[in-house]
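In this note's numbering, the protein residues as written are 218 to 264.
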């Protein structure tokens, strides 16, 4: 859903894991967002 004019949307990614001293942990995640084509008054457009 698009934001309203003048509205700012924010997001966060969070994960938790227990890691022993000197241990290692891998946390995998994926992030995606919509990048609509933007048209400017002078006719330029960007993705």
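By construction, the Cβ of each residue, glycine as well, lies at the ideal position given by its N, Cα and C atoms. Bear in mind that the values here come from a model prediction, so they are computed numbers and not experimental data.
Check                                                                                                                                                   : Outcome
Do residue 234 and residue 242 have their C-beta atoms within less than 7 Å of each other?                                                              : yes
Apart from the five residues just before and just after residue 249, which ones in its own chain have a Cβ nearer than 8 Å to its Cβ?                   : none
Please return the same chain residues whose Cβ sits closer than 8 Å to the Cβ of residue 246, not counting the five positions on each side in sequence. : 230, 232
Within the 7 Å Cβ cut-off, does residue 245 reach chain C?                                                                                              : Among the chains in the structure shown there is no chain C, since it carries only a single protein chain.
By Cβ distance below 8 Å, which residues in the same chain neighbour residue 244 in space, the five residues on each side in sequence not counted?      : 232, 234
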